[in-house]
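Report on one structure; see the data block that follows.
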Amino acid sequence: HLVDINRVAGLDAIEVTPGGVRVGALVRHAGLERSEETYAALPLLRQALVNVAHPAIRNRGTTVGSIAHADAAGEMPAILALTGGVVEVAGPAGPREIHWDDFFLGALETSLAAEELAVAVRFRRFAADTGTAFVEAARRHGDYAMAGVGVAVTVTDGVVSGARASFVSVTDVPSVLDLGSALVGVEPGGDAWASAVDAAAQAVHEHVEPEGDIHATAEYRRMLVTELTRRALPQAADRAVQESDHSMHSPDDGRRLPSLSSAHFSTQESEHSTGSGRTS
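The numbering used here puts the sequence shown at residues 224 to 503.
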């Protein structure tokens, strides 16, 4: 039998909370992308979603479905990882939550039991002094990304206090790499900034384990993600500085967690260009 679940109450809800953004299983990519409340709370989501497939796909495809599909070439699994998010699950044994790094087991494989369903995901909210960037490269509009990287940079008192990255199409499962050893203590735009960014990009180069296929060789993907990291980090740092300057003049409302965040722009350096049009 074919069962239409579109009328199941609550599955189409987007909830912005002090801790993050909760997305129900029926929320379409486009609905999440267009939510102004969500954008104000976690700009990362829109910045990534504009690169998911084409508008027609985003109008029907769901964010939770993309994550449950567990394709490392998809943007949203990487975003869930970068935010330290969780998947909410329902099944005969009752509800449970699965942290992102326990959820993804392999290519197209998750820790969901056969009788369980993913009913929502929660993306963690970030500190006000964090900036983000997400960059991917595809051979043409609508293709899966050959490589992609999301970065999150926190700036405190004018210097980097934290940085991390997650990846698209260069690992078997979503992966997060701490870039703090290369960037912490460095002033964005200062004399040591360029060399620090190079060191962070080199760390990414050594971390990823891409596989070659008809679209790109493994070495080409590795080169791409290294260069994309060099592009993304300055973008994220600039946004972090802007956030830090803003927070100095605005009272902290206490709604954001002291962590790291990420935003997404394409290799064409446009936050609103699409980079991978598929079915997820």
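Note that the Cβ used here is the ideal one computed from N, Cα and C, for glycine as well.
Residue i - DSSP class collapsed to helix/strand/coil
{"i": "Arg-281", "result": "helix"}
{"i": "Thr-377", "result": "strand"}
{"i": "Ile-321", "result": "strand"}
{"i": "Glu-215", "result": "No statement about residue 215 is possible, as the shown extent of the chain runs from 224 to 503 and does not include it."}
{"i": "Thr-452", "result": "helix"}
{"i": "Phe-349", "result": "coil"}
{"i": "Gly-233", "result": "coil"}
{"i": "Arg-363", "result": "coil"}
{"i": "Val-273", "result": "coil"}
{"i": "Val-393", "result": "coil"}
{"i": "Ala-295", "result": "coil"}
{"i": "Gly-308", "result": "coil"}
{"i": "Asp-227", "result": "coil"}
{"i": "Pro-411", "result": "coil"}
Contact belief for residue i with residue j at Cβ below 8 Å, rounded distance in angstroms
{"i": "Ala-424", "j": "Arg-453", "result": "5 Å"}
{"i": "Ala-463", "j": "Val-376", "result": "5 Å"}
{"i": "Pro-433", "j": "Ala-441", "result": "5 Å"}
Residue span of the beta strand (DSSP E) that contains residue i, given as start and end
{"i": "Glu-359", "result": "353-360"}
{"i": "Leu-328", "result": "327-329"}
{"i": "Ser-404", "result": "Taken as a continuous stretch (DSSP letters only), Ser-404 belongs to no beta strand (DSSP E), being part of the alpha helix (DSSP H) at 403-406."}
Per DSSP, the bridge partner or partners of residue i
{"i": "Leu-340", "result": "Ala-313"}
{"i": "Thr-333", "result": "Phe-327"}
{"i": "Val-382", "result": "Thr-379"}
{"i": "Ala-247", "result": "Looking at the sequence itself, residue 247 is Gly, so the reference to Ala does not match. Its beta-bridge partners are Ala-343."}
{"i": "Ala-370", "result": "Ala-360"}
{"i": "Leu-400", "result": "Ala-388"}
Distance CB(residue i)-CB(residue j) smaller than 8 Å
{"i": "Asp-352", "j": "Thr-379", "result": "yes"}
{"i": "Val-427", "j": "Val-409", "result": "no"}
{"i": "Ala-295", "j": "Val-396", "result": "yes"}
{"i": "Ser-258", "j": "Ile-280", "result": "no"}
{"i": "Gly-354", "j": "Glu-466", "result": "yes"}
{"i": "Phe-346", "j": "Thr-306", "result": "yes"}
{"i": "Ala-301", "j": "Val-239", "result": "no"}
{"i": "Val-344", "j": "Gly-308", "result": "yes"}
{"i": "Gly-243", "j": "Arg-348", "result": "yes"}
{"i": "Ala-304", "j": "Ser-398", "result": "yes"}
Endpoints, alpha helix (DSSP H) assigned at residue i
{"i": "Glu-238", "result": "No alpha helix (DSSP H) holds Glu-238; the beta strand (DSSP E) holding it covers 237-240."}
{"i": "Ala-263", "result": "259-264"}
{"i": "Val-287", "result": "286-292"}
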